[in-house]
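Just below is one structure, and these are the notes that go with it.
Residue numbers (this note's numbering): 2 to 718.
Written out as structure tokens, the structure is:
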């Protein structure tokens with residue numbers, strides 16, 4: 002699928018022939034921090050980029066990173082990539098993109114830098130909150146819907162970071178050794194789908210090296226795979242500062258050089274490239290190709306000529322966008338454990354409620370790196386619960402632990418690293434006092450049978466661009482606080498706001514655990530509705546929660562977080578592919594998520610559809626209230642002459658059922674996804690001759706099984 006038409010390409014070629022070399026050079030590098038140069042004499046505007054992927058970034062000055070402090074650049078703060086994936090609902094991923102695209106157009110942007118399609122290889126990656134999943138299929142399906150939503154508004158989505166930007170430590174230079182099989186099966190499929198299925202108009206090259214070459218100068222990634230194998234004819238932009246060598250990058254299929262510095266003419270594709278062309282080191286025909294890619298995308302976005310009159314205007318910070326943000330947040334919340342049916346809370350039977358934890362009263366939009374948002378508002382969990390109960394319950398709040406709110410500014414990298422380092426200091430007297438005060442209140446509430454809700458987790462001093470976490474433990478002494486609360490009341494409701502898994506050494510004592518992600522500006526309302534049962538939880542984990550960091554294959558088999566070089570020695574055994582195949586116990590499995598109702602699965606049938614595999618089965622809501630089930634289909638490929646994971650996600654759906662309702666559910670899977678695997682010996686994709694098929698509520702809760710034999714499912718390749 003391509004969004005670039007032949008007419009767009011012809012227009013681009015015609016305009017390129019009229020450009021001087023200097024004008025072409027101006028169009029393929031930053032003339033400011035977020036836009037290229039215009040060519041007014043030919044009616045060619047600047048191409049304006051802006052950060053996503055959780056909302057349109059506030060305006061900065063053209064020549065420095067300080068915010069402009071405009072009064073009209075507040076926008077909707079959308080749930081993070083992990084939260085969007087956690088909905089397991091492509092319709093909501095599409096709505097995420099649609100809202101973002103409309104807001105980008107309303108703010109005058111042409112390209113929104115998202116979604117982030119990198120795979121969650123380790124729980125420690127600082128940008129995991131932006132990324133969707135450890136699984137390539139879930140990432141691809143949700144990412145495609147997001148891209149289609151963005152581009153509905155004449156704005157280009159820019160999937161990033163191509164490829165394998167799975168750690169932040171030494172991110173500008175680290176060389177990642179990755180097998181061809183792991184690249185093809187794990188780290189590239191979501192980008193391939195973004196290009197071939199969703200029609201992404203632009204792609205961002207990553208900072209890191211893959212197998213010895215910088216991503217932004219890699220003939221393998223850019224020329225052979227992206228352009229020739231996948232047929233991508235859109236624009237490739239570097240990550241800001243990702244181009245290191247003028248000639249090497251000019252000779253591959255990367256089109257636009259952006260950077261973080263203010264010497265715009267000194268960018269690799271600025272004066273150095275102009276001199277390289279004049280000196281005969283780089284052919285001008287290569288510059289023509291890059292300019293044509295820029296112009297073709299501009300024409301597809303209705304930025305040129307008379308088409309500009311029909312370009313969508315967009316809108317931002319609207320009531321409708323706010324409502325959609327709440328819809329997404331509602332379906333992303335994951336009920337991890339509810340052993341004693343403490344949830345939902347019965348508001349009519351509660352006279353008072355204790356809320357403990359700094360994250361109850363913290364907002365997260367002002368941090369995270371390039372994902373920073375100037376939100377029109379952000380509802381904290383405490384405010385959301387207060388608003389939901391409307392004064393009918395007496396709420397007491399205790400901070401419980403000390404986590405200072407440090408809002409991000411234009412020196413965010415240095416400030417955040419320093420702030421994160423501070424967290425390793427010895428416990429302070431203030432921290433002990435906050436914990437003791439919270440535990441004293443908890444004893445009082447527990448003695449009278451009043452509920453306690455803890456809201457903790459991480460924040461953007463820990464989930465942060467340019468910084469990887471050093472371990473999976475909770476910061477700020479939260480484990481000691483949680484231990485104390487559970488000793489007082491084992492039915493304390495534990496809510497975590499975070500973008501990455503954490504170790505839970507106290508989990509054996511906990512009956513009730515909720516995972517809330519960085520859930521956008523309506524997060525507090527969505528959480529309150531879920532805790533009190535106005536909304537049935539339907540989020541499912543897009544990644545495995547390991548028991549401890551030592552169990553994670555990236556950190557125990559491969560290497561992670563090192564400077565200079567890391568080895569992806571775990572190969573394709575990422576996340577649940579490793580845990581399930583090797584029988585390693587986990588805290589919560591991939592795909593896990595509970596409901597306030599229950600679902601039964603029956604009658605699995607597999608059908609040959611001559612190009613796809615259709616799974617039909619019945620799902621019954623066996624509980625007493627309506628709810629949303631998330632049936633997941635996993636395949637075990639057989640007869641491949643290659644070692645294979647025990648289970649691989651191939652398809653899923655989400656279905657709402659009334660109490661007692663039974664419905665036939667269908668999951669149809671293209672054979673290229675269902676049976677295809679990378680053959681190391683052939684250096685090509687092959688089709689497995691047969692597979693076992695499993696359907697269930699998570700990779701750890703598979704209810705139905707059948708088999709499929711390859712007959713009409715296409716050729717190898």
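Just so you know, even glycine gets a beta-carbon here, dropped at the ideal spot from N, CA and C. The structure displayed is predicted, hence computed values, not measured ones.
- One alpha carbon belongs to residue 75, the other to residue 62, and they sit about 16 Å apart.
- Taking each of 509, 117, 99, 330 in turn and checking the Cα distance to residue 492, the smallest one comes out for 509.
- Here DSSP, grouped into helix, strand and coil, assigns residue 582 to helix.
- Residue 607 and residue 701 have their alpha carbons spaced roughly 21 Å apart.
- When the alpha-carbon of residue 97 is set against those of 621, 84, 586, 108, the nearest one is in 84.
- The C-beta distance from residue 233 to residue 29 rounds to 17 Å, too long to meet the 8 Å contact threshold.
- Burial of residue 121 is indicated by the presence of at least 16 other C-beta atoms within 10 angstroms of its C-beta.
- One Cα belongs to residue 623, the other to residue 537, and the distance between them is close to 14 Å.
- Per DSSP, reduced to three states, the secondary structure at residue 339 is strand.
- By the neighbour-count definition (other C-beta atoms within 10 Å, threshold 16), residue 320 is an exposed residue.
- One alpha carbon belongs to residue 173, the other to residue 243, and they sit about 7 Å apart.
- Selection 165, 169, 79, 149 evaluated against residue 158 yields 149 as nearest (Cα-Cα).
- Counting only runs that start and end inside the region 118-164, the alpha helix (DSSP H) elements of at least 4 residues fall at 137-152.
- Taking 8 Å as the cut-off, the Cβ atoms of residue 239 and residue 211 do not count as close.
- As computed with DSSP, residue 390 is found in no beta bridge at all.
- Separation of residue 114 and residue 64 (C-alpha to C-alpha, rounded to the nearest whole angstrom) is 19 Å.
- When DSSP states are grouped into helix, strand and coil, residue 485 belongs to the helix group.
- Taking every protein chain shown into account, the CB of residue 66 has fewer than 16 other CB atoms within 10 angstroms, so this residue is exposed.
- Burial state of residue 2 is exposed, judged by a 10 Å Cβ sphere holding fewer than 16 other Cβ atoms.
- In this structure, DSSP gives residue 353 an extended state, which the three-state scheme calls strand.
- Residue burial is scored here from C-beta neighbours: residue 189 has at least 16 other C-beta atoms within 10 angstroms and is therefore classed as buried.
- Using a 10 angstroms sphere on the CB of residue 469, the tally of other CB atoms reaches 16 or more, which defines it as buried.
- Between the region 122-141 and the region 343-357 there are fewer than three inter-stretch CB-CB distances shorter than 8 Å, so the stretches are not counted as touching.
- Within the region 451-497, complete alpha helix (DSSP H) segments of at least 4 residues are found at 479-489, given in chain order.
- Taking C-beta atoms as the reference points, residue 518 and residue 250 fail to come closer than 8 Å.
- Between residue 123 and residue 555, the C-beta spacing is below 8 Å.
- Cβ atoms of residue 457 and residue 358 come within 8 Å of each other, at about 4 Å.
- Exclusion of the five residues before and after residue 213 leaves 176 as the residues of its chain whose Cβ lies within less than 8 Å of its Cβ.
- Residue 193 holds the alpha-carbon nearest to the alpha-carbon of residue 223 among 193, 198, 199.
- Nearest to residue 512 by alpha-carbon distance, out of 329, 309, 488, 464, is 488.
- Under the DSSP assignment, residue 294 falls in the alpha helix (DSSP H) whose first and last residues are 285-301.
- Bridge partners of residue 76 according to DSSP: 376.
- For a cut-off of 8 Å, the C-beta gap from residue 288 to residue 22 is around 7 Å, short enough to register as a contact.
- Collapsing the DSSP output to three states places residue 27 in a helix.
- About 5 Å separates the beta carbons of residue 379 and residue 522, which is inside the 8 Å limit, making them a contact pair.
- Secondary-structure assignment with DSSP links residue 622 through a beta bridge to 600.
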